[in-house]
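Engineer: The structure is given below, and queries will be raised subsequently.
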Amino acid sequence: MIRVVAPMAGITNAEFLNKVIPYGFDVATLGGYSLDAPTIDASRKIIERGRGEFDFPLNEIFSHIENEVDSIKKVHKGVKVSANVRATTTRPIIDVGNIRDLDIVEINCHCRQKEIMDIGCGQEMLNRQDLGDFISEVADNVDSEVSVKIRANVEGTDTLELAGLIEDAGADYLHIDAMRKGVFEADWKLLSEICNNVNIKVIGNNSVNSQANLQKMIDTGVDGFSIARSLISGKLDFDIAGF
């Protein structure tokens with residue numbers, strides 16, 4: 071079972087991850103990071119309205135990620151490090167995927183902040199006609215593994231169909247926030263359906279806030295799970311090591 075620290079904008083840096091990895095995590099996710107001029111500008115607009123967000127200029131972002139990876143690897147040599155990233159084109163994502171010692175580059179098709187979606191990134195990526203080609207271009211040109219993080223049950227999309235597309239495009243992981251609009255628990259049924267119909271490694275996200283819900287997540291057949299909000303304090307109130 072793969073245990074992942076999920077990205078939280080403005081929080082999951084190396085300092086934070088080094089503190090929470092000892093709770094039993096196998097993968098630590100940096101980010102989410104904006105990698106090109108449009109996404110960096112969008113991030114700054116988000117910051118201006120009071121939401122936490124990473125903010126690095128173009129001439130610093132890649133060296134920053136490299137340094138963050140090194141900071142984690144020095145302390146936790148056996149842990150995979152992932153970077154969750156956003157960009158309007160593949161090139162910056164490929165550049166991150168080739169950073170020395172980065173294990174996984176994660177394409178963010180998940181963020182639903184308006185400023186990010188307005189430029190066709192984050193959750194809006196799910197509506198791209200060329201999404202499969204976008205993922206394939208990254209997968210074919212990086213040394214790292216490739217993860218794609220998506221949000222389930224987005225209006226106008228078929229989540230199961232997207233899962234198949236992401237698998238066919240050559241990604242190694244499907245990281246899925248199994249949310250349901252208006253429901254404060256993961257869509258366990260959808261996760262089970264996805265796991266029964268794809269061979270890609272599925273990382274389930276959402277509602278992993280207790281051992282009981284963690285068991286529900288595992289029972290869907292996922293290959294791993296990720297935790298974000300339950301770690302926001304830097305502490306985890308339930309045990310994951312036995313799963």
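Under this note's numbering, think of the first position of the sequence shown as 71, with each following residue one higher. Glycine included, every Cβ here is placed at the ideal spot set by N, Cα and C. Predicted model, so just to flag it, every value in this text is computed and none were measured.
#1: Give me, in chain order, the residues of the same chain whose beta-carbon lies closer than 7 Å to that of Asp200; leave out the 5 immediate sequence neighbours on both sides.
#2: Could you have a look at Cys181 and say whether DSSP puts it in helix, strand or coil?
#3: Given a cut-off of 8 Å on the beta-carbon distance, is the pair Asn154 and Asn178 in contact?
#4: Spell out the partners DSSP gives Val74 in its beta bridges.
#5: Suppose you measure from the CA of Asn276 to the CA of Leu230; what does that come to, to the nearest Å?
#6: Looking only at C-alpha atoms, which of Leu172, Asn223 and Val218 sits nearest to Asp238?
#7: Which residue comes first and which comes last in the alpha helix (DSSP H) that contains Gly167?
#8: Counting only runs of 4+ residues fully inside the stretch 233-277, write out the alpha helix (DSSP H) ranges in chain order.
#9: Classify Ala311: buried if its beta carbon has 16 or more other beta carbons within 10 angstroms, exposed otherwise.
#10: Going by DSSP in three states, Ser303 sits in which element: helix, strand or coil?
#11: Pick from Thr290, Met187 and Leu284: whose alpha carbon is nearest that of Val74?
#12: Checking the sheet assignment: what are the DSSP bridge partners for Ser152?
#13: So for Glu215, helix, strand or coil by DSSP?
#14: In angstroms, rounded to a whole number, what distance separates the CA positions of Val272 and Ser262?
#15: Could you check whether the stretch 189-200 touches the stretch 240-247, counting it as contact only if at least three pairs of C-beta atoms, one from each stretch, sit closer than 8 Å?
#16: If you check the beta carbons only, do Ala157 and Thr109 fall under 8 Å apart?
#17: Using 8 Å as the cut-off, can you tell me whether the stretch 84-94 makes contact with the stretch 110-117, which would need three or more C-beta pairs spanning the two stretches below that distance?
#18: Classify Ser104 as helix, strand or coil using the three-state DSSP reduction.
#19: How big is the Cα-Cα spacing for Ala233 and Asp125?
Structural biologist: Answer, in terms of the structure:
#1: Hits under 7 Å: none found.
#2: It is coil, neither helix nor strand.
#3: With contacts defined by Cβ atoms closer than 8 Å, Asn154 and Asn178 form a contacting pair.
#4: DSSP, once it has assigned bridges, lists Val97 and Ser296 as partnering Val74.
#5: Cα to Cα, Asn276 sits roughly 17 Å from Leu230.
#6: Checking every option, the nearest Cα to that of Asp238 belongs to Val218.
#7: Run containing Gly167: Thr160 to Gly167, per the alpha helix (DSSP H) assignment.
#8: If we require 4 residues or more, the alpha helix (DSSP H) runs fully inside the stretch 233-277 come out as 258-265.
#9: Ala311 comes out exposed.
#10: Coil at Ser303, not helix or strand.
#11: With distances taken between CA atoms, Val74 lies nearest to Leu284 out of Thr290, Met187 and Leu284.
#12: Paired residue(s): Thr99 and Ile174.
#13: Per DSSP, reduced to three states, the secondary structure at Glu215 is strand.
#14: Using only the alpha carbons, I get a separation of about 10 Å.
#15: The stretch 189-200 vs the stretch 240-247: no contact.
#16: For Ala157 and Thr109, yes; Cβs fall inside 8 Å.
#17: Result no; under three Cβ-Cβ pairs closer than 8 Å.
#18: In the three-state reduction of the DSSP assignment, Ser104 falls in the strand class, which pools E and B.
#19: Between Ala233 and Asp125, the C-alpha separation is close to 31 Å.
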